[in-house]
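There are 2 protein chains.
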Amino acid sequence: MTEVLVKDLFGKTHFAESEEVVLHGWVKTVRGSKRVGFIELGDGSTIKNAQIVMKSDIDNYAELTKLPLSSTIKVVGTVVYTPEAKQPLEVHAKEIVLEGASDNDYPLQKKKHSYEYLRTMAHLRPRTNTFYAVFRIRSLAAFAIHQYLQEHGFTYVNTPIITSSDSEGAGEMFRVTTLDMNHLPKTDDGKVDDHEDFFKKETNLTVSGQLPVEAFALALRDVYTFGPAFRAENSHTARHASEFWMIEPEMAFADLQDTINESEALLKYVVAYLLEHAKDELDFLNGAVDNNLLNRLHQTCDEKFAQITYTQAIEELKKAPVDFDVPVYWGLDLQAEHERYLCEQIYKRPTFLTDYPKEIKAFYMRDNADGKTVAAADLLVPRIGELIGGSQREERQAELAQKIKDYNLPQEEYQWYLDLRKYGETPHSGYGIGFERLLMYVTGMENIRDVIPYPRTPGNAEF
Amino acid sequence: MTEVLVKDLFGKTHFAESEEVVLHGWVKTVRGSKRVGFIELGDGSTIKNAQIVMKSDIDNYAELTKLPLSSTIKVVGTVVYTPEAKQPLEVHAKEIVLEGASDNDYPLQKKKHSYEYLRTMAHLRPRTNTFYAVFRIRSLAAFAIHQYLQEHGFTYVNTPIITSSDSEGAGEMFRVTTLDMNHLPKTDDGKVDDHEDFFKKETNLTVSGQLPVEAFALALRDVYTFGPAFRAENSHTARHASEFWMIEPEMAFADLQDTINESEALLKYVVAYLLEHAKDELDFLNGAVDNNLLNRLHQTCDEKFAQITYTQAIEELKKAPVDFDVPVYWGLDLQAEHERYLCEQIYKRPTFLTDYPKEIKAFYMRDNADGKTVAAADLLVPRIGELIGGSQREERQAELAQKIKDYNLPQEEYQWYLDLRKYGETPHSGYGIGFERLLMYVTGMENIRDVIPYPRTPGNAEF
Chain Z
1495 MTEVLVKDLF
1505 GKTHFAESEE
1515 VVLHGWVKTV
1525 RGSKRVGFIE
1535 LGDGSTIKNA
1545 QIVMKSDIDN
1555 YAELTKLPLS
1565 STIKVVGTVV
1575 YTPEAKQPLE
1585 VHAKEIVLEG
1595 ASDNDYPLQK
1605 KKHSYEYLRT
1615 MAHLRPRTNT
1625 FYAVFRIRSL
1635 AAFAIHQYLQ
1645 EHGFTYVNTP
1655 IITSSDSEGA
1665 GEMFRVTTLD
1675 MNHLPKTDDG
1685 KVDDHEDFFK
1695 KETNLTVSGQ
1705 LPVEAFALAL
1715 RDVYTFGPAF
1725 RAENSHTARH
1735 ASEFWMIEPE
1745 MAFADLQDTI
1755 NESEALLKYV
1765 VAYLLEHAKD
1775 ELDFLNGAVD
1785 NNLLNRLHQT
1795 CDEKFAQITY
1805 TQAIEELKKA
1815 PVDFDVPVYW
1825 GLDLQAEHER
1835 YLCEQIYKRP
1845 TFLTDYPKEI
1855 KAFYMRDNAD
1865 GKTVAAADLL
1875 VPRIGELIGG
1885 SQREERQAEL
1895 AQKIKDYNLP
1905 QEEYQWYLDL
1915 RKYGETPHSG
1925 YGIGFERLLM
1935 YVTGMENIRD
1945 VIPYPRTPGN
1955 AEF
Chain U
1495 MTEVLVKDLF
1505 GKTHFAESEE
1515 VVLHGWVKTV
1525 RGSKRVGFIE
1535 LGDGSTIKNA
1545 QIVMKSDIDN
1555 YAELTKLPLS
1565 STIKVVGTVV
1575 YTPEAKQPLE
1585 VHAKEIVLEG
1595 ASDNDYPLQK
1605 KKHSYEYLRT
1615 MAHLRPRTNT
1625 FYAVFRIRSL
1635 AAFAIHQYLQ
1645 EHGFTYVNTP
1655 IITSSDSEGA
1665 GEMFRVTTLD
1675 MNHLPKTDDG
1685 KVDDHEDFFK
1695 KETNLTVSGQ
1705 LPVEAFALAL
1715 RDVYTFGPAF
1725 RAENSHTARH
1735 ASEFWMIEPE
1745 MAFADLQDTI
1755 NESEALLKYV
1765 VAYLLEHAKD
1775 ELDFLNGAVD
1785 NNLLNRLHQT
1795 CDEKFAQITY
1805 TQAIEELKKA
1815 PVDFDVPVYW
1825 GLDLQAEHER
1835 YLCEQIYKRP
1845 TFLTDYPKEI
1855 KAFYMRDNAD
1865 GKTVAAADLL
1875 VPRIGELIGG
1885 SQREERQAEL
1895 AQKIKDYNLP
1905 QEEYQWYLDL
1915 RKYGETPHSG
1925 YGIGFERLLM
1935 YVTGMENIRD
1945 VIPYPRTPGN
1955 AEF
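So the sequences go chain by chain: Z and U. If you count by the working numbering, then the first sequence holds residues 1495 to 1957, one letter each, in order. If you count by the working numbering, then the second sequence holds residues 1495 to 1957, one letter each, in order.
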C-alpha cells in the first residue's frame, strides 16, 4: 500500500488499477444512496478534492454516508481513471476509517458564507476553498519575492520590530512596554519614568524598516527587508490594517529610475510566478471572486507600465470630466479616487507617478533641481491605488542635516542616520511594497482583512 | 565602457585588456608611494575587494593616496589578470573620481575592534568583513529555509505579532498599547481600563506562532511560520535576545518521528546550501572567527544525528565524570551545561532527545502511554545547546480540554484552539527553530547580539 497525497493523484504518476493507495484527509462533502456513496476528500496538499466512491457493502456504510463535514478519515482504495467524467479519476474505497469525527455543528456547511462572518472564525476559514486559495497565493507570492531578490543579489535584512525611533517622523505608533500599568513608576515631575521600562526608554513598534536598512545598503549594496510593520491609526477602511507586512528593497549606487525599473520587474516576476505555480488557485478565484482577475494579471505581465510626473497627473485630473470628492490642485496629496482614476480610466494599467511636491513627502527624499519637487515615485494600480512608494534618498550630508532641521526632527536621534553620509556620501534609492495590497491585487479580494491570516484592526486582535 | 560589480570581476566573464570598465564602491584600504598607489575597493556585491592600481600620473594622485577609508569613489580602468600574484587580477585605473569623501574620524580603521565596541555602531559594523559575512549568511540561510520548505509543499503563514493570547501559558510578554501612559483611563475600581485601548483589550507581542499556525496545518496540511517573536525576560546571556526570529513548521497527519526526520533534513539542507552559496563568507569566518567552523558544518551534513530518550540522557549524565553546577535527576529541566555535555562530549554531534517528563513541557504536547512523558523532541547541538524544539500535539479533544484545566489556563481563551479538534481530530506535529541560534551555529559567532542587525536586549533598543 502506498501512502499518497491528493495532489499526487492529479500529478504525473500513473497508478495501476491493482495498486492500493492510502489517503488521509478531511471530508469536504458526502452523499450516499442505497447502493453507492461519494466523499470529496481534501488533504490540504492541493485545492482539488479526490472523489472517493464507496459501495454499500463497505464496512459502516450507513455511518459513513452521514459523516459530519470536516471529519478526519483514512481511505484505502484503488485509483480508477475516468477520462470521460468531470473529474479525471476516482478512488474506489475498500476501507474507510473514521479517525476523528467532526461535531455536527461544524459552522462551514456547504452554503456560501459572507466574508464578514468568516472573519469571526479566522481559525476555520482556511478550510474554505476561497481562503485556501488566498493563503496559498500569499505563501507563493512571498517566496517569489524572496527568490527574485536573492537571484538578483539582494541581501535579506531583518530590521528591528521594536524601535526607539520613529522612522518617518510621522505616523501613529504602538508603544511597547513592560511597566505595570496599574503601578507606573513616576519621575519627580509626575510623568511616567520611561527609564524604568524594559529598554530604559520609550519604545514603539516599527512603521518602516527603511532607515535601518539604508545602513545595510551602504555596506552590502542591494538589500531588502520583508517583515511586519504597524500603524496605530484609527482607520476603518478596506485597505488599512494595524499590522501588515512590507517589502523594502534598498540599492546603493542607484537613482530613482533604477527603483522604478526594479520594482516593475519584481512585480512582473511575482505575477508570472503565480500564473505558473498557483494556476488552480487563480482559476478558482477568477471564477468565484473576480472574473477579471486572470485578465488583469496577464496584462500586468505583458504591458510596460505607464510613467508620468505628478505635475502631468494633476493636469490630466483637472481635465477629467469627473467631480472628485476632493478637488484637484498642484500640491494635493492624491486620494484613492484620484489614484484609481489615473490608472483605471486614463492609463488603464499600473502607472508610476514621479517627482511629487516636497511638502507632501518624507524628509529623507532627495530634492530635485527645481526646488519644488523630490525624486519620489509611487506606483498606482487598478482597484487598489498606491501599491508601491519609492524614492531616491538624500545622500548629501549637508542637505540632509538641513532637512532634519526643517522638519523639526530631533537632531541627536538622527545622528546615526547622518553618519551614513558622513562616512561616504553614496547615491542610493529604494522602495516599499505593501504586501497585503499586492495580495489584494493578485487575488481579487477587496478587503485587506481577507488576505491576512489573523487581521488586526482597531478593536480586533482575536486569536 | 561597461559598468561592472566587483563580483563580476571574480566571476566567469573574461575582460579584454582594451575593455574599459567602470566600478563604484568604497575605499577599504589605500596606500601609495611616490610612483604607484593601491586602493582596495569593495562595493558590497562580494566579500572580496578589487585591487585598484593607480600610477602617479593619474589626476589628483596625491589626494587619492590620502583618501579617508569608506570614501565613495568611481573608478574607470582596465582589468589586468595576474595569475602569479596573490589576487588573480587588478584594475589599472585611468580615472578615479571622488564621489563622497568620508570624514577622517571614520571609526572602523584597519585595526581589529572588539565585538562589544562594534555593537555600539550597529549602523556601521556591516562595513567590516566579519559582519558582512555574518549578514550575508543570515540572508542566505533564511532563503534556504524558505526554499526547502516551499519545495516540500509547505505553505508560509504569517501568524500575528500582536496577540491577545499567551501562546504557551508561560513566558513574560511585552504589552502593546496606545493608551496615554500619563493619563490612563481607569475603571470604577481604579484599574486601567483596557477596553479603552486600541484593540479594546490587553494585547501583547507574540512569543510563538505555533498555536495560530496549527489552525492552518489543519487546512493546508504542511505549513510554517517565519517571523519575529519576543520574550520580555530580564536575561543577559549570550544566547538570549528580547526580539528574535523563529521558524515553526507544522504538519498534519505527522507524528513525532516525522518532525525529527523533517527537522534533520531541513538543517542539513540549510548547511549544504551555505557551503555551496556562502563559500567565501564561510572561508573568511573559518579563518577569522572559528577554526572548526567548516569541519563542524561538513560533519553536520554528512553524519546522521544521534537520537536518545530523555530518560537515557539522564542515565548518561549521571554516569558522567563531571560535577555539573545543577545536579542531575529524572525530571530536571536540562541546563545548557547538560545539553552541551551530551552533544559535545558523549555523542559528538547534533543529538535529539525525546520523550521528556510532562511536567517540564507545554500543555499542548501529546501524552505518551507511560503517563509520565510527552511526545516531545529537542535537538541539542555543539556550542549552542537547544536549537530545535518539537512535539506531537495533543489532537484528542477531551485530553486537550483536561490539560487546559490542569494547567489552569482560561478555558474560554482556548476555545478556538479546542475547536480545531472539535471539528475533526487530526494527528499533527511540529517544531520550532530559533533562527539566531542556527546562525550562531553556522557562523561561529558566540553572542546572539552579533548575528542580529540591530539587537534588542534589556536596556538596549538603539537605532
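Note that CB positions come from ideal geometry on N, CA and C, so glycine has one too.
Would you mind reading off the limits of the alpha helix (DSSP H) that contains residue i?
{"i": "residue 1792 of chain Z", "result": "1787-1796"}
{"i": "residue 1934 of chain U", "result": "1929-1937"}
{"i": "residue 1635 of chain Z", "result": "1623-1645"}
{"i": "residue 1611 of chain Z", "result": "1609-1613"}
{"i": "residue 1753 of chain U", "result": "1750-1771"}
{"i": "residue 1804 of chain U", "result": "1804-1813"}
{"i": "residue 1707 of chain U", "result": "1704-1714"}
Identify whether residue i lies in helix, strand or coil by the three-state DSSP scheme.
{"i": "residue 1834 of chain Z", "result": "helix"}
{"i": "residue 1721 of chain Z", "result": "strand"}
{"i": "residue 1743 of chain U", "result": "strand"}
{"i": "residue 1551 of chain U", "result": "coil"}
{"i": "residue 1784 of chain Z", "result": "coil"}
{"i": "residue 1828 of chain Z", "result": "coil"}
{"i": "residue 1561 of chain Z", "result": "coil"}
{"i": "residue 1583 of chain U", "result": "strand"}
{"i": "residue 1690 of chain U", "result": "helix"}
{"i": "residue 1556 of chain U", "result": "helix"}
{"i": "residue 1779 of chain U", "result": "helix"}
Could you check the C-alpha separation between residue i and residue j for me, to the nearest Å?
{"i": "residue 1846 of chain Z", "j": "residue 1802 of chain Z", "result": "6 Å"}
{"i": "residue 1717 of chain Z", "j": "residue 1948 of chain U", "result": "15 Å"}
{"i": "residue 1870 of chain U", "j": "residue 1528 of chain Z", "result": "46 Å"}
{"i": "residue 1879 of chain Z", "j": "residue 1674 of chain Z", "result": "42 Å"}
{"i": "residue 1516 of chain U", "j": "residue 1792 of chain Z", "result": "38 Å"}
{"i": "residue 1666 of chain Z", "j": "residue 1726 of chain Z", "result": "5 Å"}
{"i": "residue 1687 of chain U", "j": "residue 1952 of chain Z", "result": "16 Å"}
{"i": "residue 1631 of chain Z", "j": "residue 1874 of chain U", "result": "35 Å"}
{"i": "residue 1767 of chain U", "j": "residue 1635 of chain U", "result": "8 Å"}
{"i": "residue 1495 of chain U", "j": "residue 1518 of chain U", "result": "13 Å"}
{"i": "residue 1745 of chain U", "j": "residue 1715 of chain U", "result": "6 Å"}
{"i": "residue 1887 of chain U", "j": "residue 1751 of chain U", "result": "13 Å"}
{"i": "residue 1954 of chain Z", "j": "residue 1731 of chain Z", "result": "14 Å"}
{"i": "residue 1765 of chain Z", "j": "residue 1505 of chain U", "result": "31 Å"}
{"i": "residue 1638 of chain Z", "j": "residue 1771 of chain Z", "result": "10 Å"}
In chain Z, which residues lie with their C-beta within 8 Å of the C-beta of residue i?
{"i": "residue 1934 of chain U", "result": "Result: empty, since nearest Cβ-Cβ is about 15 Å, beyond 8 Å."}
{"i": "residue 1675 of chain U", "result": "1669, 1671, 1673, 1675, 1678, 1686"}
{"i": "residue 1509 of chain U", "result": "By Cβ distance, chain Z contributes nothing, its closest Cβ being about 19 Å from residue 1509 of chain U, past 8 Å."}
{"i": "residue 1726 of chain U", "result": "1672, 1692"}
Would you mind telling me which residues of chain U sit closer than 7 Å to residue i, beta carbon to beta carbon, in chain order?
{"i": "residue 1640 of chain Z", "result": "1637, 1640"}
{"i": "residue 1566 of chain Z", "result": "1918, 1919, 1920"}
{"i": "residue 1644 of chain Z", "result": "1637"}
Following the continuous beta strand (DSSP E) through residue i, name the residue where it begins and the one where it ends.
{"i": "residue 1851 of chain Z", "result": "1845-1851"}
{"i": "residue 1671 of chain Z", "result": "1669-1671"}
{"i": "residue 1872 of chain Z", "result": "1867-1875"}
{"i": "residue 1568 of chain U", "result": "1566-1575"}
{"i": "residue 1499 of chain U", "result": "Looking at the DSSP string, residue 1499 of chain U is not in any beta strand (DSSP E), and its letter there is neither H nor E."}
{"i": "residue 1734 of chain Z", "result": "Here residue 1734 of chain Z belongs to no beta strand (DSSP E), and DSSP marks it neither H nor E."}
{"i": "residue 1885 of chain U", "result": "1879-1886"}
{"i": "residue 1698 of chain U", "result": "1697-1699"}
{"i": "residue 1946 of chain Z", "result": "Where residue 1946 of chain Z is concerned, there is no enclosing beta strand (DSSP E), given that its DSSP letter is neither H nor E."}
Report the neighbours of residue i on chain Z: residues whose CB is nearer than 9 Å to its CB, in chain order.
{"i": "residue 1457 of chain U", "result": "No statement about residue 1457 of chain U is possible, as the shown extent of chain U runs from 1495 to 1957 and does not include it."}
{"i": "residue 1651 of chain U", "result": "1620, 1629, 1632, 1633, 1947"}
Below 7 Å on C-beta distance, what does residue i contact in chain Z?
{"i": "residue 1824 of chain U", "result": "Neighbours of residue 1824 of chain U on chain Z: none; closest Cβ ~33 Å, over 7 Å."}
Residues of chain U with CB under 8 Å from residue i, in chain order?
{"i": "residue 1695 of chain Z", "result": "1955"}
- Task: Could I get the ranges of all uninterrupted alpha helix (DSSP H) runs contained in the segment 1889-1920 of chain Z, with 4 residues as the minimum, in chain order?
- Result: 1891-1900, 1909-1916
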